[in-house]
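Report on the structure given below.
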Ligand SMILES: [Zn+2]
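Residue numbers (the working numbering), protein chains in the order written: chain W, 1 to 405; chain C, 406 to 499.
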């Protein structure tokens, strides 16, 4: 990172007392603590990764913390987003975060940006900071953060989580690789791990976010061995930490010798999700500063049926075969007494379905069932519909007693 | 024999196994053997032209095979292959 140039700010007696456990370590000391006070860190997202990041950076004495988020706290966030409490449900994450962070450290200069990070605002935003910590949850924003970091020369402290595995690294340092050196292209939306494979162990963003906070502080202090050039893999289930070597790719389109990307691009188009519901927040989604990850899965345009129509048919005792394409563990949470065939199993369990009957396929929100209906139509089925909004809509409109997840 | 580390997004295609042991003198052989044992992996690792997908990185021990001999990289007993796909975040069920 650009070295913080003197004069560094002085510490008050109150600050000296607060940071005494830092000050008595030679690796930090007065100079280090003053570097922390001078540092400006931009944290993208105030969710799972952003929570531990912001909490620890604030406690450690980072002088200026920027937070980018436009989301509102919901119940499904509380399992892992430890900045927010039950009483914060319905509040803006930025308001909730500001209250907690100021309570931890009143010396913090907190700058909040209630906006989606976009190609239009990223460069201006990043220029005001020394380090960017990426706590986002989707591919378009990952590439946007990376490219904007490369173009503005700011290190990108990267963390990513999936179920019970995480990755961490530091990208876009002066001589180090960037995210595109590692992954030149995002996966096409259809191959993003299926929606049923989503979810995350609640402590995992804690583990990975604290690694990001550690790397951020090391960059500021100029101490230790940075993760730049290394990809740390965290497997919480096996409790294994492994590291892989990362190299700067001389042909990298953004940080290579002859870059083809010299300004920010359209990242949703780049990730193949332009024209999808990229901007519609999914109900109950736990998204952060950006596009809901669920929208990254394209939904084929297929015949659909509303929950009201389905209810009418069922009440009239019409012959409707309900096909539930979720996973067994979801079926256990709530169901419509449908026949369970997880989407991935559908191709080899097709014989369980009667093509002469009317079939209504459903999942949680309608994404997987649309794929199932597309598949069934392609397989010669004629009378199939996807339940719009899935069991979530059923719980909202038909059966308020049904649990939502 | 070579141990292949399967990341969690792909374990649904390996019968939930996190490691699969395969024979092979090169990385290419080992991956072919892997897909032979678990055919559902094919479309997740390879595109229609039979090339490894750009967002799937393959490491031999801690080294990216793109900086070794790619699929021709020779293997010796006890080597570990890691498949490391890009992950974006963790949440959301559609
Ligand atoms: Zn690069």
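Here a beta-carbon is modelled for each residue, glycine too, at the ideal position from N, C-alpha and C.
*asked:* Can you determine whether any heavy atom of ligand 1 sits closer than 7 Å to the C-beta of residue 256(W), and answer yes or no?
replied: Flag set: Cβ of residue 256(W) near ligand 1.
*Within the same chain, show all residues whose beta-carbon is closer than 6 Å to that of residue 181(W), passing over the 5 residues directly before and after it, in chain order.*
Listed in chain order, the non-local C-beta contacts of residue 181(W) below 6 Å within the same chain comprise 248, 249, 252, local neighbours out to five positions each way being set aside.
*Since residue 209(W) contacts residue 53(W) with CB under 8 Å, what's their CB separation in whole angstroms?*
The beta carbons of residue 209(W) and residue 53(W) sit about 5 Å from each other, so the pair counts as a contact at 8 Å.
*Using the beta-carbon of each residue, which ones in chain C are nearer than 9 Å to residue 109(W)?*
Chain C residues near residue 109(W): none, gap ~28 Å exceeds 9 Å.
_Using only the alpha-carbon positions, how far apart do residue 164(W) and residue 405(W) sit?_
Straight across, the Cα-Cα distance linking residue 164(W) with residue 405(W) is about 19 Å.
*If you draw a straight line from the alpha carbon of residue 481(C) to that of residue 178(W), how long is it in whole angstroms?*
Each residue's alpha carbon lies about 31 Å from the other.
*Under 8 Å by Cβ, that's how I've got residue 216(W) and residue 23(W) pegged, so tell me the actual separation to the nearest angstrom.*
Between residue 23(W) and residue 216(W) the Cβ distance is about 19 Å, and since that is not below 8 Å, they are no contact.
*Beta carbon of residue 463(C) nearer than 8 Å to that of residue 492(C)*: Not a contact, by the Cβ cut-off of 8 Å.
*For the beta strand (DSSP E) that contains residue 33(W), what are its first and last residues?*
Where residue 33(W) is concerned, there is no enclosing beta strand (DSSP E), although the alpha helix (DSSP H) it sits in stretches over 29 to 38.
_The beta strand (DSSP E) enclosing residue 166(W), as first and last residue numbers_ = Residue 166(W): member of the beta strand (DSSP E) spanning 165 to 171, first to last residue.
*Does any residue of chain W bring its CB to less than 8 Å from the CB of residue 479(C)?*
Taking a beta-carbon distance threshold of 8 Å, residue 479(C) does not count as an interface residue toward chain W.
_Outcome for residue 75(W) when other beta-carbon atoms lying within 10 angstroms are tallied against a minimum of 16_ = It is exposed - the Cβ of residue 75(W) has fewer than 16 other Cβ atoms within 10 Å.
*How close, in whole Å, do the beta carbons of residue 406(C) and residue 431(C) come, if the pair is a contact with beta carbons under 8 Å?*
In this structure residue 406(C) does not touch residue 431(C) by the C-beta definition: roughly 14 Å separates them, more than the 8 Å allowed.
_Check: residue 247(W) C-beta below 7 Å from any heavy atom of ligand 1_ = Proximity of the beta carbon of residue 247(W) to ligand 1 is not indicated: no heavy atom of the ligand is located closer than 7 Å.
*State yes or no: is the C-beta of residue 149(W) nearer than 7 Å to some heavy atom of ligand 1?*
Every heavy atom of ligand 1 is 7 Å or more from the Cβ of residue 149(W), so no.
*Determine, using beta-carbon pairs with one atom in the segment 150 to 168 of chain W and one in the segment 435 to 443 of chain C, whether at least three such pairs fall under 8 Å.*
At 8 Å Cβ cutoff, the stretches do not touch.
*In chain W, which residues lie less than 8 Å from residue 467(C) when you measure between Cβ atoms?*
By Cβ distance, chain W contributes 242, 243, 244, 245.
*Rounded to the nearest angstrom, how far is the Cβ of residue 360(W) from that of residue 305(W), given a contact under 8 Å?*
Confirmed, about 6 Å.
*In the DSSP assignment, find the alpha helix (DSSP H) that holds residue 411(W) and state where it starts and stops.*
With chain W running from 1 to 405 in the structure shown, residue 411(W) is simply not present.
*Report yes if the C-beta distance between residue 207(W) and residue 231(W) is below 8 Å; otherwise report no.*
The answer is no: Cβ separation not under 8 Å.
*With respect to 7 Å, is the separation between the Cβ of residue 177(W) and the closest non-hydrogen atom of ligand 1 below this value?*
For residue 177(W), the Cβ falls inside the 7 Å cut-off from some heavy atom of ligand 1.
*Residues bridged to residue 488(C) by DSSP?*
The partner list for residue 488(C) (beta bridge, DSSP) reads 463(C).
*How about residue 43(W): is its Cβ closer than 7 Å to a heavy atom in ligand 1?*
Every heavy atom of ligand 1 is 7 Å or more from the Cβ of residue 43(W), so no.
_Let's test the definition: count the other Cβ atoms within 10 Å of the Cβ of residue 33(W) and tell me whether it reaches 16, buried, or not, exposed._
Taking every protein chain shown into account, the CB of residue 33(W) has 16 or more other CB atoms within 10 angstroms, so this residue is buried.
*If you measure from the CB of residue 180(W), is any heavy atom of ligand 1 nearer than 7 Å?*
Flag set: Cβ of residue 180(W) near ligand 1.
*asked:* Within 10 Å of its beta-carbon, does residue 268(W) have 16 or more other beta-carbons around it, so buried, or fewer, so exposed?
replied: Around the CB of residue 268(W), 16 or more other CB atoms lie within 10 Å, so the residue is classed as buried.
*With 16 other Cβ atoms within 10 Å as the buried cut-off, status of residue 285(W)*: Because the pLDDT at residue 285(W) is just 35, under 50, the model does not fix this residue reliably, and the point stays unresolved.
*Measure the alpha-carbon distance for residue 85(W) versus residue 94(W) and round it to whole angstroms.*
Spanning the two alpha carbons is a distance of roughly 13 Å.
_Selection of the segment 410 to 421 of chain C by Cβ proximity to chain W, strictly under 7 Å_ = Those would be 412, 413, 414, 417, in chain order.
*Just mark residue 160(W) as buried or exposed, buried being the case when its beta carbon has 16 or more other beta carbons within 10 Å.*
Answer is buried; the Cβ neighbour count reaches 16.
*Near ligand 1: residue 363(W) beta-carbon under 7 Å from a heavy atom*: For ligand 1, not one heavy atom lies less than 7 Å from the Cβ of residue 363(W).
*Counting along the chain, where does the beta strand (DSSP E) carrying residue 385(W) start and finish?*
It spans 384 to 387 - the beta strand (DSSP E) in which residue 385(W) sits, taken as one unbroken run.
*Hey, would you say residue 471(W) sits closer than 8 Å to residue 131(W), going by beta carbons?*
Residue coverage of chain W in this structure runs from 1 to 405, which leaves residue 471(W) outside it and unanswerable.
*Along the chain, where does the alpha helix (DSSP H) that runs through residue 309(W) open and close?*
Residue 309(W) -> alpha helix (DSSP H) spans 307 to 315.
_According to DSSP, is residue 107(W) part of a helix, a strand, or is it coil?_
Residue 107(W) falls in the coil class under three-state DSSP.
*Measuring CB to CB, does residue 139(W) end up less than 8 Å from residue 158(W)?*
Not in contact: residue 139(W) and residue 158(W) (Cβ atoms no closer than 8 Å).
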